[in-house]
Structures are given as C-alpha cells and as structure tokens.
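Peer 1: At position 88 of the sequence shown the residue is numbered 88 (our numbering), and the sequence of numbers has no breaks.
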Amino acid sequence: MYSRPAFRFALTTVALSALAACASGPSDNISRIPVETGQQTSKEGLFVQEVKWKHTKPGCEGDCPALELNSLVFPGVSKLTELVDHALAMMTGIGNDGPPPYFTIQEYEDYFWKTAAQRDSTVLTAKARYRNRSLTVIELNTWQYLTGSAHGISATQFINWDNNAGKVLSLESILRPGQYDGYVAALKQAHAGWRASHPDAQHDLETFNRMWPFQVSENVGFTDQGLVVKYDSYQLAPYSSGQPELLIPYSTLSGILRPEFIPAPA
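(1) I'd like the list of long-range same chain contacts for K54, defined as Cβ closer than 6 Å, with 5 residues on each side in sequence excluded.
(2) I'd like to confirm the pairing. Which residues does DSSP put opposite E68 in its beta bridges?
(3) Whole angstroms is fine: what's the gap from D28's alpha carbon to S170's?
(4) Hey, could you find the ends of the alpha helix (DSSP H) G193 is sitting in?
(5) Compare the beta carbon distance of A128 and I138 with 9 Å and say whether it is the shorter of the two.
(6) Alpha carbons only, please: which of L72, P58 and T56 is nearest the one belonging to F47?
(7) When you compare only the Cα positions, how much space is there between I159 and V168?
(8) Given this structure, state the Cα-to-Cα distance separating I30 from P265, to the nearest angstrom.
(9) Does DSSP put F208 in a helix, in a strand, or in coil?
(10) Would the beta-carbon of Q274 fall within 9 Å of that of P244?
(11) Smallest Cα separation from E218: which of D232, W212, M211 and T207?
(12) Looking only at its own chain, which residues have a Cβ that is under 7 Å from the Cβ of F261, when we skip the five neighbours before and after it?
(13) What are the residues that DSSP puts in a beta bridge with I248?
(14) What is the rounded straight-line gap between the Cα of Q215 and the Cα of H191?
(15) Does DSSP put F112 in a helix, a strand or coil?
(16) So, with DSSP's three-state summary, where would you put Y239?
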C-alpha cells in the first residue's frame with residue numbers, strides 16, 4: 001500500500017488559510033443555501049474557465065512519464081486561482097517523508113520530470129462540485145501511478161469558497177460554537193448508513209469494522225442536500241470502493257451548522 005504523509009494535508013490546510021486570508025464579512029442570518037435540487041444550484045456564481053493539457057517528459061520516446069491537468073481558473077479572482085494551483089501541487093508526493101520542494105503545479109512539473117520513472121503518471125483535477133451566488137465549492141483530486149505498482153492512488157480535498165468575503169470557509173467557521181462533537185455524531189450516523197449498504201460489511205460486519213473502522217474527516221463540501229464528506233482510498237474501505245462519500249443531510253445538521261448555512265423553508 002502507498003503511504004501519503006498526514007502532514008501533507010495539514011500543510012495544505014495551513015496554506016489554504018494563508019493564501020485566502022482576509023477580513024470576515026458581516027454576519028448574515030439569511031440562508032446561503034437556496035432550496036433547490038441538483039449539484040449546480042446556479043450558474044450565477046463566479047466566472048469559471050477550464051484549463052486542460054497533457055504533457056509527457058520532454059525528449060522522451062516510448063513509455064514516458066506523463067502529467068495531465070484538468071483544472072479551473074477564476075478570471076478576476078487570482079487568489080482563488082492561485083489557491084487551486086497550490087493545493088493540487090501539495091496533494092502530490094506519495095511516499096515522501098518531508099515537505100515537497102515545490103509550491104505550484106509548474107514547479108511540480110519541473111520536479112516530476114527530474115524524478116519520475118519510465119511509466120509514472122500524475123493526473124491533477126479540479127472541478128466545481130457545487131455553486132450558487134454566495135458559495136463556490138471546488139473538489140480537488142489527484143491520481144498518481146508509480147512504475148511497477150499494482151494500481152494508482154488517489155486523494156481528494158474540498159475548497160469551500162465564500163464569494164462575497166473572498167476567503168475559504170473552514171469547518172470551524174460554518175459550525176455553531178461548541179458543535180464539533182455534534183458534527184462528529186452526525187458523521188457517525190451517516191457512516192452507519194453508508195456501511196449498512198456496503199457489500200463487504202453485509203457479508204461480514206465484524207471483520208469489516210475491524211479492518212475499516214470509522215474515521216473522522218473534515219473534508220466537507222456544501223451541496224443542495226447537505227454536507228458531503230469525501231474520503232481517500234483505503235480510509236474507510238478497500239481500494240475497490242474508490243473514494244467513499246458520506247452525505248449528512250441538512251435536517252440532521254440543524255442546530256449544528258450556523259443558521260446561514262441551513263436552507264430556508266421553501
């Protein structure tokens with residue numbers, strides 16, 4: 001199994017805060033989650049452009065290392081564009097035991113060509129998972145294959161961007177004061193429902209619980225239906241299960257989330 005140092009995600013979180021720091025806007029008791037259905041509530045949020053390319057190692061012939069990007073830029077919001085670029089770069093580094101020697105995707109590409117084996121491959125992806133006039137939720141994913149491995153390894157991270165304040169919303173900033181334990185309890189409830197439908201757990205629940213116990217994650221993203229919590233491969237289930245997602249409905253989060261992040265009654 002690949003190892004990916006826990007500090008790398010913590011470092012990314014620190015970087016998100018540092019790059020996106022700005023003064024908070026005034027408190028707003030009006031719901032920022034419209035009562036809608038669907039992944040993209042509105043196209044009236046931030047203007048988004050896609051950037052796509054696939055590069056192979058310069059001068060290489062035959063089986064060559066490859067780097068593919070399928071990301072987003074936000075014209076007029078350079079802070080968010082830079083944040084997405086940096087976060088994707090920081091989500092690489094399988095097996096490294098120290099901080100990466102790069103800060104941007106361009107710097108990662110330069111490093112990759114110097115260190116990659118013949119068939120190494122990296123795919124970096126950013127997509128707008130959900131957005132409305134107030135919020136932009138970006139899902140970041142990396143997939144990396146190392147030559148000779150049985151399969152690639154993936155990682156995921158959400159950015160919840162406050163369009164008005166121009167900053168990242170942390171989990172702490174969207175919870176009511178003192179409600180972190182309430183969030184964990186709601187996540188456990190969502191996990192129990194997900195586990196009940198997993199075929200491996202249905203076959204042998206005791207073994208599944210022992211091998212794949214519940215884990216708390218703060219990798220949350222807003223949707224119309226509630227908060228989605230997404231996990232990396234191997235965190236909650238075998239590799240064949242991909243990247244599990246747990247949905248915590250807004251009805252469960254009443255009294256846990258700040259009121260402006262709970263949809264107003266229709």
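From the three backbone atoms N, C-alpha and C, an ideal C-beta is built for every residue, glycine too.
Small disclaimer: the values here were computed from a predicted structure and weren't measured.
Peer 2: Checking against the coordinates, here is how it stands:
(1) Here residue 54 refers to the residue found at position 54 of the sequence shown. Result list for K54: E68, in chain order.
(2) Sequence index remark: in the sequence shown, residue 68 carries index 68 (1-based). Answer is K54 and V123.
(3) Taking the first residue of the sequence shown as 1, we reach residue 28 at position 28. Taking the first residue of the sequence shown as 1, we reach residue 170 at position 170. No answer about D28 holds up, because its pLDDT of 49 lies below 50 and its placement is not dependable.
(4) Here residue 193 is taken as the residue at index 193 of the sequence shown, counted from 1. Unbroken alpha helix (DSSP H) run through G193: Y180 to A196.
(5) Taking the sequence shown and counting its residues from 1, the one referred to as residue 128 is at position 128. Taking the sequence shown and counting its residues from 1, the one referred to as residue 138 is at position 138. Cβ distance < 9 Å, so A128 and I138 count as in contact.
(6) Here residue 47 is taken as the residue at index 47 of the sequence shown, counted from 1. If we check each option's Cα against that of F47, L72 comes out closest.
(7) Here residue 159 corresponds to residue number 159 of the sequence shown, with the count starting at 1. Here residue 168 corresponds to residue number 168 of the sequence shown, with the count starting at 1. Computed Cα separation, rounded: 7 Å.
(8) The sequence position of residue 30 within the sequence shown is 30, counting from 1. The sequence position of residue 265 within the sequence shown is 265, counting from 1. Approximately 11 Å, taken between the alpha carbons.
(9) Here residue 208 refers to the residue found at position 208 of the sequence shown. In the structure shown, F208 sits in a helix (DSSP, three-state: H, G or I).
(10) Examination of residue 274 is not possible in this model, given that the chain is present from 1 through 266 alone.
(11) For the purposes of this step, residue 218 is identified with residue 218 of the sequence shown, where counting begins at 1. Taking only the C-alpha atoms, the option nearest E218 is D232.
(12) Taking the first residue of the sequence shown as 1, we reach residue 261 at position 261. Correct list, in chain order: R32, I33 and I174.
(13) Here residue 248 refers to the residue found at position 248 when the sequence shown is read from its first residue. Beta-bridge pairing links I248 to L227.
(14) Residue mapping note: residue 215 aligns to position 215 of the sequence shown, counting from 1. Residue mapping note: residue 191 aligns to position 191 of the sequence shown, counting from 1. Their backbone Cα atoms lie some 9 Å apart in a straight line.
(15) For the purposes of this step, residue 112 is taken as the residue at position 112 of the sequence shown. The answer is helix: DSSP assigns F112 an H, G or I state.
(16) As a first step, residue 239 is located in the sequence shown; it is residue number 239 there, counting from the start. Helix.
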